[in-house]
Amino acid sequence: MMKKRSIPASKASLVLFLCQMISALDVPLDLLQPPTITRQSPKDYIVDPRENIVIQCEAKGKPPPSFSWTRNGTHFDIDKDAQVTMKPNSGTLVINIMNGGKAEAYEGIYQCTARNERGAAISNNIVVRPSRSPLWTKERLEPNQVREGDSLVLHCRPPVGLPPPIIFWMDNAFQRLPQSERVSQGLNGDLYFSNVQPEDTREDYICYARFNHTQTIQQKQPISVKVFSMDSLNDTIAANLSDTDIYGAKPVTQRQPVLLTPTGSTSTKVELRGNVLLLECIAAGIPTPVIRWIKEGGELPANRTFFENFKKTLKIIDVSEADSGNYKCIARNTLGSAHHVISVTVKAAPYWITAPRNLVLSPGEDGTLICRANGNPKPNINWLANGVPIAIAPEDPSRRVDGDTIIFSHVQERSSSVYQCNASNEYGYLLANAFVNVLAEPPRILTPANKLYQVIADSPALLDCAYFGSPKPEIEWFKGVKGSTLHGNEYVFHDNGTLEIPVAQKDSTGTYTCVARNELGKIQNEVQLEVKDPTVIIKQPEYKVIQRYGQVSFECIIKHDSTLLPAVIWLKDHDELPDDERFLVGKDNLTIMNVTDKDDGTYTCIVNTTLDSVSASAVLTVVAAPPTPAIIYARPNPPFDLELTGQLERSIELSWIPGDENNSPITNFVIEYEDGLHEPGVWHYQTEVPGTQTTVQLKLSPYVNYSFRVIAVNEIGRSQPSEPSEQYLTKSANPDENPSNVQGIGSEPDNLVITWKSLKGFQSNGPGLQYKVSWRQKDVDDEWTSVIVANVSKYIVSGTPTFVPYEIKVQALNDLGYAPEPSEVIGHSGEDLPMVAPGNVQVHVINSTLAKVHWDPVPVKTVRGHLQGYKVYYWKIQSLSRRSRRHVEKKILTFRGNKTFGMLPGLEPYSSYKLNVRVVNGKGEGPASPDKVFKTPEGVPSSPSFLKITNPTLDSLTLEWGSPTHPNGVLTSYILKFQPINNTHELGPLVEIRIPANESSLILKNLNYSTRYKFYFNAQTSVGSGSQITEEAVTIMDEAGILHPAVGAGKGYSETLFAASPVMHTVRPTFYKVQPLYPRIRNVTTAAAETYANISWEYEGPDHVNFYVEYGVAGSKEDWKKEIVNGSRSFFVLKGLTPGTAYKVRVGAEGLSGFRSSEDVFETGPAMASRQVDIATQGWFIGLMCAVALLILILLIVCFIRRNKGGKYPVKEKEDAHADPEIQPMKEDDGTFGEYSDAEDHKPLKKGSRTPSDRTVKKEDSDDSLVDYGEGVNGQFNEDGSFIGQYSGKKEKEPAEGNESSEAPSPVNAMNSFV
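Note that this note's numbering has the sequence shown beginning at 125, numbered continuously upward.
In structure tokens form, the structure reads like this:
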């Protein structure tokens, strides 16, 4: 028989429980089994009333289960409610609220039943309630007037919402109000002032309530606080009372603490087990009291106690019945104290001791379902069978209920059923489904065949043999194909089938066979184990001292298993090496060139393989060269006479005597320790102290056998270590920390590999270091599944769904207990290839070489992994112009992320292509979409493949050419251009010929003899012309003595005419020189007046150039001013110049870097005296105005007399009939006087008569000139920028139509001043 090695008693029950759970729960899905609820909504389900309500209920089983619902205890017929639907192949309800439904109408208690022929499973009672975020009730808030030093409470009283809101105080600027020991917010949301100060005066204390479920925030009306200081209050009293009445307000004095909340001396509080206990005390007083908390008759629980809100709130997490008791808060200041006692009672809703687990039995077997729960008060246990109370359920002779246990005897297939255990008390309930599945199945081994395990020598090896069968199979292990059964103390056999080799050696390598057998059959599986040599650093880097600007090298020579590939990494001070070319990393060394002070530090060599990692460090000390050879500086001598005193569990005092400092003062001492229990011979850094200190209090860890040594450090370097101190062994304790770097990544589609970084030996805090690995599927209301493993760093969970998220945590424990509760991380089970291809693939051809492809994203569930992107495969089928097929490699473009379109560049014009799209995850590519065919349009062709010119004669040349290599469409014609070139490389007239596309040669006739011609040749499609090819050729010289045409110097060819030809038109061969390589601007000329100048120039260069003019005062160092010339004109008018000033000017061309003309200088003309006469100073004008005034006065007198007599005098008609032309306003268009309008509808008068010398007024010349405004008076400005008019008493007009101007003095203005 196989001998099993016992594991520790504290863990045996848990391991056995896990193995039974695995054998029961992991029933292969192809076997008959009752329903199991896999997902359901939470018991208390608060929904957003604005969104559809989704009540989840998912279950698995064989055959697949059907679903039904109850609402408020009665059957819920979803077919009769048009707003309610059930998802296909699921029990999940979707209540349509967004299309007319009201969430309030669907409040209630829902329960789901999943049923098949083998039983029925039920969900929890799901209480559905819509979230509520009511408005604040309206209230009248009186201002708070309070004396300095008094206490104050600002009440919030938020509206009752579901769930309760989060309260915070802000001001009108949405800034949080600062809080302190004096001012703080209570648990009920009120704002408490222990004592008010003058700076607390403000009118915008606003309480906000944030309802997270609906993402809304409600605001209370602002609260006003007015604080009266004692000085201002005494001044007010003194001003209103007589001397005998003045007693005066008392100054702010110190006050004893008084509790604002809670009131009284005692209070009570009830909290549930597992919740967070919050106790609060807020006190008034001057100085501001300090709060302290104690538990009467006990200590506050360590690691679970926290103080918040400036110690006014005591917070205890994860409370248990042991936390019941009296808690006292004490408020104290310099004048006294006040206290309050809160009696805390911890009750408990039901919690599991042993939850019922699925039971798989074979016909005739016995078994039990156990349901044990605890709580305060003790919960009641009730059993149900297939959702019906077991008392009224159909009889089953194999079943007997005994309190919290159901006992099954001689079960048969009809005994298969689902049982529910309900444990309840007044604080809640627990409901668990557990099925009894009666099956007769031969053994199955679920671990993959020939799985390879690799470990490092002297470390544990765990070989898996996951299995299933009914009855439960027995497991045996063999080494080798025909080896004997494994047994003995060197092996541990776990009930889940795993074989553990605690210390694997090289001879452990080989094939291991796992055999599973029951009465229905036998099956075996082989796995492979390879034991590798450990990686060792055989030559470690050594301590170095180097002078500045020297060179230093650290060695790191390693020995490793030949089948492992090591990777060497160098670190400086536990971080990456500086990005500096002075650092040279070799195969087995690190060299630093030209060492500087910043290179001082610790250098670490880390060697990693896939199975292990080792490291070694050395310190580099950089020193300056000795200033003089007379004084010898050296590292200090080592300290001596180390002594340990004041030994405690977690601390000890170390003292020593320094050695000789050797002419360089000791700057600090480094203390190192050795753990003789876990790492003998390895010294670790502990701490360091200044060089003036020779005693240090050291913090210790549990379960470490300490020895200490001291190293002295000066500017030269480090001393040799001192002799070790005596040893000191600390007591064991629970682990203080948990493993780090916890990850969950599946290696196969049906597993989850949980890994972590193991604790080091001294971190174990005691013997028997192990790890509790827990996991559960995220977003599924499942219990945690846990297993305790030996001191390893990996655990594999098999039989997981493909790529689903899991919550994972790993907790350390030793023989004394557990480490603190670990934090949770999210991992994913293994990925599988995507299931579906992208759909609706569309191609939009943009041009002949570019297309855009679109597709619909695949559903997230079908990706079955991390979506990495999409791949587009495309390839050319054929060229539409050549009609020839040839093999073309497929091109692949990858588009990262959830992109649904992409561009396909580099296509060939006038071709037919195919493409398909595939989704990619971490596992690989999914299936391809159906091939999509698209065609590219025509493009311009490439150049002709060749152009040859042969058979030269006196007057003809023969041209031959090849068609373009890439026609990119249907050729329509060829274009031939040619022109003669003379000996000075001047070009003659250009002749163009269009040739049919089916031609491949041409004879040009009627050419000049002994003449060089240049030819330009290209092909055309319907899209346009392609690139051209050029050649030159020469006709033969006339050897018969034909008179050569005379060529004048610099005048080109003689005017000999070309002979007419069917393919050539006759032109006069007048030649022109090739344009210069660089354009130029020359002959810049200026014609200047008083305030403007006309600039003109000549330009030689390319067409369509935009010019600009730069100008400035001659001799000035100011930057050039720049004006842009509209169009390509060769002149420009500079305006707004100062009379009598010398200017410099130059012209440039936009887009041609550094291209501008040479500078030219001109001078504007002097200012000319005004030719205008000031009419307001003329005697005849003054006399006229006096006469007009007298006439108006007479008319007014006559009108007054007539009115008193009752008669009427038509003044307006009289004036119209006898209008005086001297007093009529001037019309704008013809200079005559017209009707006068009021100030609200006026138009500016015609501008002054001053004109340039050419007697013309141009619109563009008058926009910016102040001389244009005014009548013969030079415009001036005050210091504030306003215009000084001639008549200071005139009414100022508003600018009309956006033109701001000063009104010109005129007769009309004079009329206004008189009337």
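Even for Gly, the Cβ is constructed at its ideal location relative to N, Cα and C.
Here the structure is a predicted model, which is why all the values come from computation and not from measurement.
Any idea what DSSP makes of Q887, helix, strand or coil?
Q887 falls in the helix class under three-state DSSP.
For the segment 836 to 915, list the beta strand (DSSP E) runs that are entirely contained and at least 3 residues long, ordered along the chain.
If only complete runs of 3 or more residues are kept, the segment 836 to 915 shows the beta strand (DSSP E) at 864 to 869, 875 to 881, 894 to 901, 909 to 913, in order along the chain.
Alpha carbon of C1214 to alpha carbon of V1257, nearest angstrom:
Residue identity differs from the one stated: residue 1214 is Glu in this sequence, not Cys. When rounded, the distance between both Cα atoms is 13 Å.
Contacts around V1249, its chain only, beta-carbon distance under 8 Å, and the 5 residues preceding and following it disregarded:
So the qualifying residues of the chain are N1230, F1231, Y1232, V1233, F1256.
Residue nearest to K1101 in terms of C-alpha spacing, selected from L1114, F886, F1305:
Ranking the options by Cα distance to K1101, first place goes to L1114.
Supposed contact pair Q299 and F352 - C-beta distance, whole angstroms, cut 8 Å:
Actually they are not in contact, since the Cβ atoms of F352 and Q299 sit about 25 Å apart, beyond 8 Å.
Could you tell me the distance, in whole angstroms, from the CA atom of Y475 to the CA atom of N213?
One Cα belongs to Y475, the other to N213, and the distance between them is close to 33 Å.
For my contact list, I177 and V252 are in at a C-beta cut-off of 8 Å; report their separation, rounded to the angstrom.
Yes, they are in contact, since the Cβ atoms of I177 and V252 sit about 7 Å apart, within 8 Å.
With respect to the alpha helix (DSSP H) encompassing T162, which residues constitute its N-terminal and C-terminal limits?
Counting along the chain, T162 falls outside any alpha helix (DSSP H), though it belongs to the beta strand (DSSP E) covering 157 to 164.
Per DSSP, what are the beta-bridge partners of C331 in this structure?
Answer is W293, bridged to C331.
Given a threshold of 16 other Cβ atoms within 10 Å of its Cβ, counted over all protein chains shown, does D314 qualify as buried or as exposed?
Buried: at least 16 other Cβ atoms inside 10 Å.
Please return the same chain residues whose Cβ sits closer than 8 Å to the Cβ of I477, not counting the five positions on each side in sequence.
Closer than 8 Å at the Cβ level, and outside the excluded window around I477, lie R496, A497, N498.
Is there contact here, the segment 1097 to 1112 with the segment 972 to 982, by at least three beta-carbon pairs under 8 Å?
Judged by Cβ distances under 8 Å, the segment 1097 to 1112 makes no contact with the segment 972 to 982, as fewer than three pairs qualify.
Sequence-distant residues of the same chain with beta carbon closer than 6 Å to E931, five excluded per side
Spatial neighbours of E931 in its own chain (CB-CB distance under 6 Å, excluding positions within 5 residues in sequence) are listed in chain order as R900, K902, E948.
With the cut-off set at 8 Å, would you say G951 and Y1034 are in Cβ contact?
No. Outside cutoff.
Round the Cβ separation of N574 and Q629 to the nearest angstrom and send it over; I've been treating them as touching at under 8 Å.
About 22 Å; that fails the 8 Å criterion.
Please classify A564: does DSSP put it in a helix, a strand, or coil?
In the structure shown, A564 sits in coil (DSSP, three-state: anything other than H, G, I, E or B).
As a quick exercise: from I682, L688, D203, D721, pick the residue whose alpha carbon is nearest that of N713.
Comparing C-alpha distances from N713 to each of I682, L688, D203, D721 shows the shortest one belongs to I682.
Do Q966 and V1044 have their C-beta atoms closer together than 8 Å?
Their beta carbons are not under 8 Å apart, which means Q966 does not touch V1044 by this criterion.
Which same chain residues, not among the five before or five after I233, have their C-beta less than 6 Å away from its C-beta?
So the qualifying residues of the chain are N196, N249, V251.
With DSSP run on the structure shown, which of helix, strand or coil describes P1051?
Here P1051 sits in coil by DSSP.
Would the beta-carbon of L265 fall within 8 Å of that of I347?
Yes; because the gap between Cβ atoms is below 8 Å, this pair is in contact.
Use the C-beta contact count for V470: other C-beta atoms within 10 angstroms, 16 or more gives buried, fewer gives exposed.
That one is buried.
Nearest candidate by alpha-carbon position, reference T715, set T733, K696, V731, N732
Taking T715 as reference, the option from T733, K696, V731, N732 with the minimal CA-CA separation is K696.
Would you say L1028 and V996 are within 8 Å of each other, going by their C-beta atoms?
Yes, the Cβ-Cβ distance between L1028 and V996 is below 8 Å.
If we count the other Cβ atoms within 10 Å of its Cβ and call it buried at 16 or more, is G1264 buried or exposed?
When all chains shown are included, G1264 counts as exposed.
Assess, as a yes-or-no matter, whether the segment 614 to 631 is touched by the segment 701 to 708 under the definition of 3 or more beta carbon pairs within less than 8 Å.
Touching, no.
Specify the secondary structure class of Y591 as computed by DSSP and reduced to three states.
Of the three classes helix, strand and coil, the one that applies to Y591 here is strand, per DSSP.
Same chain only: Cβ atoms within 8 Å of G422, ignoring 5 sequence neighbours per side:
Excluding residues up to 5 positions away in sequence, G449 lie with their Cβ nearer than 8 Å to the Cβ of G422 in the same chain.
Which term fits P501, buried or exposed, when burial requires 16 or more other beta carbons within 10 angstroms of its beta carbon?
The residue in question, P501, is exposed, as its Cβ has fewer than 16 Cβ neighbours within 10 Å.
Given a cut-off of 8 Å on the beta-carbon distance, is the pair N838 and P762 in contact?
Judged by their CB atoms, N838 and P762 are not nearer to each other than the 8 Å cut-off.
Enclosing alpha helix (DSSP H) for K985 [first to last residue]
Where K985 is concerned, the enclosing alpha helix (DSSP H) stretches over 984 to 987.
Which class does F1324 belong to by DSSP, given the choice of helix, strand or coil?
Correct three-state label for F1324: helix.
Backbone CA spacing between D1362 and E1247 [nearest angstrom]:
For D1362, the pLDDT reaches just 38, beneath the cut-off of 50, and the residue's location in the model is therefore unreliable, leaving the point undetermined.
Would a C-beta distance cut-off of 8 Å place V542 and A183 closer than the cut-off?
For the pair V542 and A183, the CB atoms are not nearer than the 8 Å cut-off.
Let's test the definition: count the other Cβ atoms within 10 Å of the Cβ of A1211 and tell me whether it reaches 16, buried, or not, exposed.
So A1211 counts as exposed.
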